[in-house]
Amino acid sequence: MPYITGQFDVTITPENLSDTAAQSGLGRMSLNKRYHGALDASAQGEMLSVRASVPGSAGYVALERVEGALDGRHGSFYLQHSGSMTRGAPSLSVTVVPDTGTGQLLGLTGSLAIRIEEGRHYYDFTYDIAEPQ
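Numbering (the numbering used here), first residue to last: 184 to 316.
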């Protein structure tokens with residue numbers, strides 16, 4: 184499976200919750216990203232989060248649509264995030280939503296890891312593109 188790594192920029196903007204969720208304690212944010220390197224793409228998405236009463240514990244889910252080029256192949260796909268923090272210990276899963284690849288990314292599968300080092304965001308993306316059936 185191919186493996187790529189690179190940097191990305193992200194802007195997270197707080198958004199209003201629906202009337203139904205307004206009293207739930209959830210937070211809602213919009214995501215605007217720009218991936219650099221072998222993944223040369225932009226992405227937009229939504230994130231829901233909650234902080235626990237115990238310091239360092241929280242959770243979030245997000246979906247983002249990524250559009251651009253992956254190792255020179257053009258198209259789009261969706262990433263699904265599920266993250267939690269247990270008293271400061273992080274756990275994160277970011278995977279390609281099955282069958283969301285378009286264009287030359289049709290058949291894309293994979294998982295993406297996020298690293299934050301000295302305030303900069305990095306991705307490590309392991310993926311495969313199955314031949315159309």
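For every residue, glycine included, the Cβ atom is placed at its ideal position computed from N, Cα and C.
Exercise for the section: May I have the straight-line CA-CA distance separating R270 from V233, to the nearest angstrom? Expected result: 14 Å
Handout entry: Length at least 3, wholly inside the stretch 242-313: the beta strand (DSSP E) runs in chain order
Key = DSSP runs (the beta strand (DSSP E)) wholly in the stretch 242-313: 256-269, 272-279, 291-300, 303-312.
Problem - Residue from T283, E301, Q287, P238 whose Cα sits closest to the Cα of P273 - result: P238
Handout entry: Backbone CA spacing between N199 and G189 [nearest angstrom]
Key = Answer to the nearest angstrom: the Cα atoms are 32 Å apart.
Exercise for the section: Taking 8 Å as the cut-off, decide whether the C-beta atoms of G286 and T309 are in contact. Expected result: no
Handout entry: Anticipated Cβ contact below 8 Å, E247 with Y261, distance rounded
Key = 7 Å
Problem - Residue environment, Y186, which counts as buried when at least 16 other CB atoms sit within 10 Å - result: Y186 should be labelled exposed.
Exercise for the section: Sort R303, I297, P197, E300 by Cα distance to S213 and report the nearest one. Expected result: P197
Practice task
Specify the secondary structure class of Q206 as computed by DSSP and reduced to three states.
Solution key: In the displayed model, Q206 falls within coil according to three-state DSSP, outside both helix and strand.
Practice task
Please name the residue in D311, L289, G242, G266 whose C-alpha comes closest to that of G258.
Solution key: L289
Exercise for the section: Tell me whether L275 is buried or exposed, calling it buried when 16 or more other Cβ atoms sit within 10 Å of its Cβ. Expected result: exposed
Problem - Cβ-Cβ distance between A252 and A296 below 8 Å - result: Between A252 and A296, the C-beta spacing is not below 8 Å.
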